Structure formats: structure tokens, C-alpha cells
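Here the protein sequences line up with chains H and X, keeping their order. No gaps in the numbering here: position 102 of the first sequence is 101 in numbering that gives the first Met the number 0, and each next residue is one more. No gaps in the numbering here: position 63 of the second sequence is 62 in numbering that gives the first Met the number 0, and each next residue is one more. Quick notes on the structure that follows.
Protein chains: 2
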Amino acid sequence: MAELFDLIQNRRSVRKYENKQIPENLLNQVLEAGRWAPSWHNFQCWEVVVVKDQTIKKKLQDAMPPKGNPSSKAIIQAPVVLGVCAKMESSGYFKGASTTKFGDWMMFDLGLFTQNICLTAHDLGLGTVIVGLYNHDQAKTAIDVPAGYELVVLIPLGYPAKQSTAPPRKQIKEFVHENTF
Amino acid sequence: MAELFDLIQNRRSVRKYENKQIPENLLNQVLEAGRWAPSWHNFQCWEVVVVKDQTIKKKLQDAMPPKGNPSSKAIIQAPVVLGVCAKMESSGYFKGASTTKFGDWMMFDLGLFTQNICLTAHDLGLGTVIVGLYNHDQAKTAIDVPAGYELVVLIPLGYPAKQSTAPPRKQIKEFVHENTF
Chain H
0 MAELFDLIQN RRSVRKYENK QIPENLLNQV LEAGRWAPSW HNFQCWEVVV
50 VKDQTIKKKL QDAMPPKGNP SSKAIIQAPV VLGVCAKMES SGYFKGASTT
100 KFGDWMMFDL GLFTQNICLT AHDLGLGTVI VGLYNHDQAK TAIDVPAGYE
150 LVVLIPLGYP AKQSTAPPRK QIKEFVHENT F
Chain X
0 MAELFDLIQN RRSVRKYENK QIPENLLNQV LEAGRWAPSW HNFQCWEVVV
50 VKDQTIKKKL QDAMPPKGNP SSKAIIQAPV VLGVCAKMES SGYFKGASTT
100 KFGDWMMFDL GLFTQNICLT AHDLGLGTVI VGLYNHDQAK TAIDVPAGYE
150 LVVLIPLGYP AKQSTAPPRK QIKEFVHENT F
């Protein structure tokens, strides 16, 4: 398999997928990778809805913004869409109270979880794209997310039909500071 | 090098460090890994303060909660502490306005970034721990984080003095749902 840095550098957002199912064992490996993410106090606030049903995927697509989302078609094309949700008031909380100025840390923990998912998918020859711009309440309804939980990102998952090029990154010196900002 | 899943599964939170500097090229590899993280619209909202100065590390330690943080000693012991900051109102925003119900997505993007950092450090034989529980405003002052930016996590980085065991994880079936939550 590839070296970690190659995986990190060559993972791309995939927005076009082959019309091909993914084996259950690969899907499981992707979910296992998420399972081992670190989290606030090991609370593991994540919940994942694995959507394969085309009718439900259509409802998720309907929640994309009116002007569209570049990943809108991927919701339908990809054989699987992962709806990554979080239990609210868990990460960053202690005995029901927020412990830092940032309140709920669910977004941070889902970021850790999501990166494990995306790197592992790429390692297995699968593509992903992290979709965050849509009407979250509408999409929540489509997959019956209960009160006390939020749906945060949708991640289409499947075989890439097209490789895209890497958007440029800032140089190290543009975001790294020594001892003080 | 190890396979990705081994790295994901065997990365631990390291709270005891050897009294040993880390080579600059390893530190650079860790930062490069962060650099290639995905982010909202490729905005790359992250900024990193690499703290090696003992006086500044002591000030960061002073920002830990009065009852302590299990990672408090690591701030001093580890040769390097990464102060992972974010530009506010960038991730999740478009033309100065928030685009989703979650407002600022900086926490999510820093999660993606942090996981690249922690996995790469582990791959290089280095340990990390993600420290989120402290007085963020006090720590911000210690490293001169300007207005418009937030310091979110501190990540001690160094050679592990002790391997810890993995805290248990939920089973897949405990957090994965099919088609609907």
C-alpha cells in the first residue's frame, strides 16, 4: 500500500463516480477507520447513516442549495452516501455543561473522524467528497435524524470516474509561526 | 512503513515524553501533512504556532484548568507544542455571511487538519495528544494570537516515553445505521 504521506497528498475530492457497487468489506474497512478516531474524552459522539436507497439519496440531493452544490450529482451517482451525524452536548461537555468557550466540540471530533474515513477510502481505491453546504434540517428529515443529534456532512463514497487535480495549498511559511503568532 | 489502518488503530494519546529534541525534518513532515488536509472551499483556515520556548510553554501550561488536565505536564515535557489556530469567519462562510446552520466550520476543518498531524507524527515514531480543555483566551494571550483568530487545540509533539493502551471503542453496529438513523 501507499505511504501515509502519499495518501494524504493524493486524496482528492471526487465528484464523479462509476456506476459500480462497492463490496461490503471495503465499506466496513472505511467505517472501522472512523471507529478508531480520537475524540473528546473518548466520547465518540459520531453516528453514521449509510444511505444506499436511491429514493432517500434523491431526498438528500433535494436539500442541496437552489444554486446547486458542485457535489450535488455525486449524491445520486455514488453507490453509498455516508450521513455523518453527531450526538449534541457530548463532546466538550462535562456533566451537561460546556467546558470551553467553543461550546460543542462535535464539529472538531467529526473532522477527525471524517479524515480517517477519507484517507482510508482513498487507500482502498475509493473516492469521497465532504459535502457540508446544504439545508441540514431538510436532509435530517430525509434520514430521520432524531432530536439531540445533528447531521453535519454527507460523504458520497464509490469508485472514482475521474481524477481531479489538487487545488493549490498555502506554503508552510504562510501558516506556520514560531513561538508566537 | 506501517499500513494506514495500523497507524489509525495504534495511534494513542501520548502524555509522557522523552527529554529529547525532534529533528526539524520530522517536524516539517508533520506540518506538510497538515498542509494537505481538505478544507471548506479549500480556504485552509488553519494557522499553527510552533512553540519550543520553555517560558511560553509554561504560560500555556498556566492556562490549564485549576483541577488540572491529564495532559498538563506534556505541555512542558514535549520538546514542541503546536498551537493550532483558525482564522474566524472563513470556513463555512461566503462573502462574509455564514452559509449553514453551523456557522463557523473552523472546528471541523481543524479536526481534519489535526488528524493528518497526529497520524503522521505516529508514523514517524512521534507521539501527540490533542489538548482542548483549558482557558483558551489565556493561552491565546501567551502566544499573541491576534483578533479574528482563535486558538483551538494544543498538540504536544515528541518522542513517547510510555505507550498507553487503547481506550475501548463502540462497535460498528453501535453507531452505524442503514438508510435512516
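Every residue, glycine too, gets a C-beta built ideally from N, C-alpha and C. In this text, all values refer to a predicted model and were calculated from it rather than measured experimentally.
Can you name the residues of chain H whose CB is closer than 7 Å to the CB of residue 12(X)?
Per Cβ cutoff of 7 Å: 37.
Assumed close pair residue 82(X), residue 150(X) - CB separation to whole angstroms, cut-off 8 Å:
That belief holds up - the Cβ atoms of residue 82(X) and residue 150(X) are roughly 5 Å apart, short of 8 Å.
Give the single residue among 27(H), 77(H), 145(H) whose Cα lies nearest to the Cα of residue 129(H).
Among 27(H), 77(H), 145(H), the Cα nearest to that of residue 129(H) belongs to 77(H).
Residue 50(H) - DSSP class collapsed to helix/strand/coil:
Secondary structure at residue 50(H): strand, using DSSP grouped into helix, strand and coil.
Nearest chain H C-beta to residue 41(X) closer than 8 Å, yes or no?
Nearest CB-CB separation between residue 41(X) and chain H: below the 8 Å threshold.
Would you list, in sequence order, the uninterrupted alpha helix (DSSP H) runs of no fewer than 4 residues that lie entirely inside the stretch 56-103 of chain H?
Secondary structure within the stretch 56-103 of chain H: the alpha helix (DSSP H) runs of 4 or more consecutive residues, fully enclosed, are 71-76 (chain order).
Please tell me whether residue 158(H) and residue 21(H) are closer than 8 Å, where the distance is taken between their beta carbons.
Yes. Within cutoff.
Give me the Cα-Cα distance between residue 33(H) and residue 110(H), rounded to the nearest whole angstrom.
Annotation: residue 33(H) to residue 110(H) spans about 10 Å, alpha carbon to alpha carbon.
Any Cβ of chain A within less than 8 Å of the Cβ of residue 106(X)?
Absence of chain A from the displayed structure is noted, the protein chains being H and X.
The alpha helix (DSSP H) enclosing residue 30(H), as first and last residue numbers:
Its alpha helix (DSSP H) spans residues 23-34.
Kindly list, in the order they appear in chain X, the residues whose Cβ is closer than 8 Å to that of residue 136(H).
Those are 100, listed as they occur along chain X.
Can you confirm whether the stretch 117-126 of chain X touches the stretch 12-28 of chain X when touching is taken to mean that 3 or more C-beta pairs between the two stretches lie within less than 8 Å?
Touching, yes.
DSSP three-state assignment for residue 6(H), whether helix, strand or coil:
Helix at residue 6(H).
How far does the alpha helix (DSSP H) with residue 123(H) in it reach, from first residue to last?
First-last for residue 123(H): undefined, no H or E at that position.
Report yes or no: do three or more beta-carbon pairs, one from the stretch 141-155 of chain H and one from the stretch 44-62 of chain X, lie closer than 8 Å?
No contact exists between the stretch 141-155 of chain H and the stretch 44-62 of chain X.
For residue 87(X), which residues in the same chain have their Cβ closer than 7 Å to its Cβ, ignoring the five residues on either side in sequence?
So the list reads 103, 105, 147, 148, 149, once near-sequence residues are dropped.
Output the distance between the C-alpha atoms of residue 23(H) and residue 70(H), rounded to the nearest integer angstrom.
C-alpha separation (whole angstroms): 24 Å.
Kindly say whether residue 153(H), judged by its beta-carbon, lies nearer than 8 Å to any beta-carbon of chain X.
No Cβ of chain X is located within less than 8 Å of the beta carbon of residue 153(H).
Consider the Cβ of residue 0(X): report whether some Cβ of chain H lies at a distance smaller than 8 Å.
In this prediction, residue 0(X) scores a pLDDT of 44, lower than 50, which makes its location untrustworthy; the coordinate-derived value is nonetheless stated afterwards. For residue 0(X), at least one C-beta of chain H is nearer than 8 Å to its own C-beta.
Determine, using beta carbons only, whether residue 124(X) comes closer than 8 Å to chain H.
Judged by the 8 Å Cβ criterion, residue 124(X) is not in contact with chain H.
Does residue 32(H) have its Cβ less than 8 Å from a Cβ in chain X?
Yes - at least one Cβ of chain X is within 8 Å of the one on residue 32(H).
Below 8 Å between beta carbons: does that hold for residue 47(H) and residue 30(H)?
Between residue 47(H) and residue 30(H), the CB-CB gap stays under 8 Å.
With distances taken Cα to Cα, identify the nearest neighbour of residue 140(X) among 61(X), 113(X), 160(X).
Checked all of 61(X), 113(X), 160(X); the closest Cα to residue 140(X) is 61(X).
Looking at the structure shown, is residue 110(X) part of a helix, part of a strand, or coil, going by DSSP?
Residue 110(X) sits in a helix when the DSSP states are folded into three classes.
Are the Cβ atoms of residue 3(H) and residue 3(X) separated by less than 8 Å?
Residue 3(X) sits close to residue 3(H), with the two beta carbons spaced by under 8 Å.
Report the rounded CA-to-CA distance for residue 173(X) versus residue 179(H), giving the unit in angstroms.
Distance between the alpha carbons of residue 173(X) and residue 179(H) is about 43 Å.
When the Cα atoms are used, what is the spatial distance from residue 153(H) to residue 80(H)?
Whole-angstrom Cα-Cα distance: 6 Å.
Kindly list, in the order they appear in chain H, the residues whose Cβ is closer than 9 Å to that of residue 48(X).
Residues of chain H passing the Cβ test: 175, 176, 177, 178, 179, 180.
How far does the alpha helix (DSSP H) with residue 171(H) in it reach, from first residue to last?
Residue 171(H): member of the alpha helix (DSSP H) spanning 171-174, first to last residue.
How would you label residue 170(X), buried or exposed, when you count the other beta carbons within 10 angstroms and need 16 or more for buried?
Classification for residue 170(X): exposed.
Can you find a C-beta in chain H that's less than 8 Å from the C-beta of residue 166(X)?
Taking Cβ atoms only, chain H reaches closer than 8 Å to residue 166(X), which makes this a yes.
Beta-carbon proximity of residue 45(X) to residue 108(X), cut-off 8 Å
Their beta carbons are under 8 Å apart, which means residue 45(X) touches residue 108(X) by this criterion.
Rounding to the nearest angstrom, what Cα-Cα distance links residue 67(H) and residue 160(X) in this structure?
So the two alpha carbons sit approximately 51 Å from each other.
Using a Cβ-Cβ cut-off of 7 Å (strictly less than) and excluding sequence neighbours within five positions of residue 51(X), which residues of its own chain qualify?
If we look at residue 51(X) and ignore the five residues flanking it on each side, its Cβ neighbours are 78, 79.
Residue 136(H), enclosing alpha helix (DSSP H) - first and last residue
That run of the alpha helix (DSSP H) goes 135-141.
Since residue 5(H) meets chain X, which of its residues come closer than 9 Å, beta carbon to beta carbon?
Neighbours of residue 5(H) on chain X: none; closest Cβ ~10 Å, over 9 Å.
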